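Residue numbers (the working numbering): 2 to 816.
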């Protein structure tokens with residue numbers, strides 16, 4: 002019989018293997034293994050690396066790991082061999098109880114590709130549990146009037162193994178009165194019944210000792226025994242009978258503790274004490290006896306604790322009805338637990354990144370998470386969503402996995418941080434939800450150049466500024482962050498006037514603050530404006546930059562005194578003399594003082610005034626024209642030589658001025674001029690006797706003085722040449738240009754004009770006469786066409802030649 006059972010077991014294993022192979026071909030997407038229970042820790046389960054299509058050394062490099070759904074992880078990865086091994090001893094009975102198949106499911110994640118593979122491992126049973134009875138001894142009371150063929154229900158043995166390793170048969174020890182029969186119940190469970198074969202005689206034998214043995218079908222075969230003590234009684238030949246063999250009830254899982262679920266009922270045809278029935282719950286391994294309570298008097302079944310659909314969907318138990326003398330009958334109770342929506346969805350984040358660059362392409366994975374709801378049906382169906390208009394979306398993967406990915410381009414300058422709330426909500430009523438918060442930082446890239454607030458800038462700086470002073474400050478803003486927003490400033494190029502010095506000697510810029518500093522003192526007379534191009538460049542990789550134009554305007558200050566152009570200072574030690582006829586009437590134009598100012602604006606507005614004169618009230622000076630005119634007619638007592646000092650003052654603050662000495666000779670003829678001048682010099686000649694002594698001494702050092710005289714003469718010539726260059730550089734070229742040409746500084750025009758007198762020169766008896774015509778009270782300045790001469794005016798000696806002719810000439814006496 003044992004050989005027959007082993008043969009059947011082998012056939013079942015072959016069919017089971019064939020079925021597994023067929024299922025493997027159908028569902029190649031899922032990895033399946035099979036391993037017997039109670040194997041040592043680290044035992045080989047399967048070659049996971051080969052099934053994933055990877056080399057063993059790639060498991061660690063590619064971040065392959067196991068994600069278990071339960072609290073305990075039963076398997077582990079051997080990264081060295083690439084195999085799946087047991088993490089601990091596995092007890093099939095603890096995991097799956099009496100289930101036909103015991104399957105453990107988990108997922109294997111390939112981290113670098115975020116691929117998920119489902120793995121299913123079947124735990125096969127081994128014969129590690131022997132059949133056993135809950136009690137060591139069973140007492141039966143049988144009346145001696147019991148007719149042969151009467152059956153008595155015996156204790157059932159329980160074997161935690163399944164299949165062929167479970168309970169297979171019972172054996173009763175040899176005796177003369179009883180035999181054993183197996184009774185099948187729904188579900189394939191066999192219950193042993195004791196059959197009375199012969200009539201009992203209490204007087205002959207009042208107690209019968211029997212041994213009931215339960216055998217399983219494993220290898221080796223295991224067994225368990227129970228002692229049966231049969232006491233022979235006289236009466237009570239009717240056992241209790243339940244009103245129905247199976248009681249069923251549906252109970253929601255949220256019923257309160259102590260709620261009565263149902264009431265069982267049994268009847269007994271006997272009377273008196275033999276008909277008094279008590280109810281008992283059959284004790285079996287498991288938690289049923291701790292969850293429910295059966296009232297022995299009333300038969301009411303009530304709850305001892307709160308039911309939980311997620312732990313057990315149904316409960317099955319047996320109850321017995323005992324009469325007064327021990328006759329019993331059994332019935333089944335099925336309690337089906339109805340699910341309610343009492344579990345919110347559970348979200349497990351498998352992988353998440355906390356930072357993402359703002360140039361990440363759409364579809365970049367941010368997080369991978371698993372959603373699970375312990376409820377069933379609609380209560381366990383979960384929908385994931387996000388609140389708000391965010392640039393992200395959710396994608397559903399296999400086995401209730403979801404990924405959070407970017408939906409469009411990001412911009413850190415608009416939003417630098419996202420607090421993403423993922424809501425997992427079931428379809429129960431009322432619906433339950435779980436919020437998961439993911440904080441995501443957007444990393445900056447250098448995608449914004451520095452920008453100035455204006456397209457062009459202008460600054461005004463007064464001339465004569467101190468060197469090193471700050472003259473202007475520019476600031477560019479970069480919306481990037483950290484190094485990408487670190488701005489440095491530099492000057493690229495400039496546009497200066499031809500007279501301006503190089504840019505590097507004028508201004509510099511602080512590369513960090515954008516502040517411009519003056520390297521030299523500005524001179525308005527050298528240049529009045531310059532244009533700079535300032536570049537702002539960030540420190541990103543690659544760096545970005547932008548330019549802006551800056552115009553510096555130099556403001557004039559009154560730092561130049563008026564310069565006298567006419568009358569010019571002779572360089573040979575003599576003084577210039579202007580001629581005025583003695584017959585001149587009031588208002589006669591004697592000469593004109595011409596001056597210019599290198600400044601501009603009101604700093605160049607000039608005014609003229611007479612400081613000192615030999616004869617006060619004889620001459621006047623035009624306030625703005627500088628013209629020297631007679632105020633009254635000349636008198637005989639008036640000196641022939643009139644010395645005038647004219648001051649020229651600008652309109653600056655403070656005002657600057659210059660003075661010039663003008664000598665006016667008053668006479669009607671040249672001999673008069675010469676005789677008067679000689680008479681004025683005669684007092685000096687009276688001292689010749691005193692000078693003779695000094696002349697004798699001077700002869701001794703004449704050679705040295707001659708050399709000194711040459712040096713001095715050379716110095717005077719160089720000084721005259723230098724002054725001419727200064728005048729030309731100030732924008733007022735006088736020498737070599739027509740006398741009527743104007744000089745302009747910022748719109749202020751100073752006209753240099755030449756004044757002429759018509760004279761008639763005759764020679765008679767070696768006497769020269771200079772005759773002045775009637776004075777001209779109009780402007781006596783000759784036109785430009787009559788004065789276009791490149792030579793300087795002739796000296797007086799060239800005019801006084803012994804020829805009989807008349808000529809018009811311009812006279813300057815050099816005395």
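Backbone N, C-alpha and C define an ideal beta-carbon position, used for all residues, glycine too.
Here the structure is a predicted model, which means the values were calculated and not measured.
Tell whether a beta-carbon distance below 9 angstroms holds between residue i and residue j.
i: residue 449; j: residue 479; result: yes
i: residue 223; j: residue 193; result: no
i: residue 348; j: residue 435; result: yes
i: residue 553; j: residue 591; result: no
i: residue 627; j: residue 594; result: yes
i: residue 660; j: residue 642; result: no
i: residue 636; j: residue 613; result: no
i: residue 332; j: residue 248; result: yes
i: residue 555; j: residue 598; result: no
i: residue 543; j: residue 427; result: no
i: residue 295; j: residue 336; result: no
i: residue 517; j: residue 545; result: no
i: residue 399; j: residue 119; result: yes
i: residue 315; j: residue 303; result: no
What residue from the options has the CA that sits closest to residue i's CA?
i: residue 410; options: 442, 433, 361; result: 361
i: residue 558; options: 405, 655, 176; result: 655
i: residue 322; options: 351, 668, 335, 275; result: 275
i: residue 531; options: 703, 578, 506, 299; result: 506
i: residue 441; options: 454, 597, 418, 460; result: 418
i: residue 446; options: 84, 357, 123; result: 357
i: residue 64; options: 454, 611, 351, 651; result: 351
i: residue 416; options: 481, 452, 142, 609; result: 481
i: residue 521; options: 472, 513, 138; result: 472
i: residue 339; options: 251, 178, 214; result: 251
i: residue 541; options: 624, 563, 485; result: 485
i: residue 615; options: 623, 598, 639; result: 639
i: residue 604; options: 658, 368, 264, 93; result: 658
i: residue 620; options: 585, 429, 724; result: 585
i: residue 81; options: 376, 562, 55, 458; result: 55
i: residue 136; options: 285, 305, 298, 77; result: 285
i: residue 66; options: 115, 95, 424; result: 115
i: residue 388; options: 373, 420, 203; result: 420
i: residue 602; options: 652, 458, 610, 49; result: 652
i: residue 146; options: 117, 197, 108; result: 197
Under the rule that 16 or more other beta-carbon atoms within 10 Å means buried, what is residue i, buried or exposed?
i: residue 792; result: Only weak support exists for where residue 792 lies, its pLDDT of 34 falling under 50; the coordinates are left without a value.
i: residue 255; result: exposed
i: residue 760; result: At residue 760 the pLDDT is 39, less than 50, meaning the model places this residue with poor confidence; the figure from the coordinates comes in the next sentence. So residue 760 ends up on the buried side.
i: residue 393; result: buried
i: residue 74; result: exposed
i: residue 199; result: exposed
i: residue 282; result: buried
i: residue 234; result: buried
i: residue 210; result: exposed
i: residue 237; result: buried
i: residue 649; result: buried
i: residue 404; result: buried
i: residue 51; result: exposed
i: residue 133; result: buried
i: residue 390; result: exposed
i: residue 705; result: exposed
i: residue 1; result: An answer regarding residue 1 cannot be provided, because it is not within the stretch 2 to 816 covered by the chain.
Look up residue i in the DSSP assignment and give the residues it is bridged to.
i: residue 294; result: 303
i: residue 95; result: Residue 95 pairs with nothing; no bridge assigned.
i: residue 370; result: 350, 403
i: residue 37; result: 125
i: residue 461; result: 554
i: residue 228; result: 138, 212
i: residue 385; result: 425
i: residue 47; result: 85
i: residue 394; result: 406
Against chain B, does residue i count as a neighbour if the rule is that its beta carbon must be under 9 angstroms from one of theirs?
i: residue 657; result: Here chain B cannot be found, since the structure has a single protein chain.
Contiguous beta strand (DSSP E) assignments of at least 3 residues, all confined to the region 53–86: 65–69, 76–79
4-residue-minimum alpha helix (DSSP H) runs that sit fully inside the region 115–201, ordered along the chain: none
Threshold first: 3 residues or longer. Then list the beta strand (DSSP E) segments lying entirely within the region 432–457, N to C. 434–444
Please specify which runs of the beta strand (DSSP E), each continuous and at least 3 residues long, are wholly inside the region 593–681, giving them in chain order. 595–597, 607–614, 620–622, 628–631, 642–651, 658–667
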